[in-house]
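Asks:
Numbering (my numbering), first residue to last: 990 to 1226.
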């Protein structure tokens, strides 16, 4: 569909277009101004939405729009700093899981009263080691789990036992399923995970999808990076 056709369509069409990672950036800019909050929410969570548009969406009156902007990998660090102080815990939680969030902001988020905020801070690759040591003692098991799995945590070790290696793929234990990266002649490497099958770009889009906000994107990106490193070590590509 052309941009004008999308913008003049029923709100359900606009909402779906706003959440589609294949929607062009200029169309997402227009959809970010939509009167319907669900359309703006989807635009805020779309990995194709430009940074300056996300800055505007971070000021939206709807908490879910701000939450999705806080979790978007294109959102600038200075905007994430502001979102980390939001009154809504879901917004702060998304900011805590964003790999663009600065270390000093994560230190503050690690002290948040809500466990989901601390959990995401514990899984973030930017969280400093001394903060992770404190998070490893948290009263909430999910916070301790994420801290234990963070490579920045002192004493963290990674072993080949985490991987399954065959002639055609490398697999690693993900958050809910095994994640596979496949190697076949004359075919670009591709990934499968649960019902997903696609490229790295498509997998990253899924990781940051607004449908997956209950999971920590920083943890899943760390799993993906570990899988890529091992795959290159094994197959050289």
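All C-beta atoms, glycine included, are put in the ideal place defined by N, C-alpha and C.
Note that the structure is predicted; figures quoted are calculated from it, not measured.
1) Using the Cα positions of residue 1004 and residue 1165, report the straight-line distance between them to the nearest angstrom.
2) Taking the straight line between their C-alpha atoms, what separation do you get for residue 1008 and residue 1054?
3) Have a look at the DSSP bridge pairing and note the partners of residue 995.
4) Enumerate in chain order the residues of its own chain whose CB-to-CB distance from residue 1023 is below 7 Å, with the five nearest sequence positions on each side excluded.
5) If you draw a straight line from the C-alpha of residue 1126 to the C-alpha of residue 1094, how long is it?
6) What do you reckon, are the CB atoms on residue 1121 and residue 1141 nearer than 9 Å?
7) Confirm, please, whether the CB-CB distance from residue 1184 to residue 1169 is below 9 Å.
8) Counting along the chain, where does the alpha helix (DSSP H) carrying residue 1163 start and finish?
9) Who does residue 1182 pair with in a DSSP beta bridge?
10) What runs of the beta strand (DSSP E), each 3 residues or longer, lie entirely inside the region 1067–1097?
11) Locate the alpha helix (DSSP H) running through residue 1008, then write down its first and last residues.
12) Where does residue 1173 sit, in a helix, a strand or coil, going by DSSP?
13) Tell me which residue opens and which closes the alpha helix (DSSP H) that residue 1016 is part of.
Replies: Taking the geometry as given:
1) 28 Å
2) 12 Å
3) Partner(s): none; residue 995 has no beta bridge.
4) 1003, 1029
5) 20 Å
6) yes
7) no
8) Neither: residue 1163 is in no alpha helix (DSSP H) and is coded neither H nor E.
9) 1168, 1185
10) none
11) 1000–1008
12) The three-state reading of DSSP puts residue 1173 in strand, counting E and B together.
13) Here the alpha helix (DSSP H) through residue 1016 covers 1014–1020.
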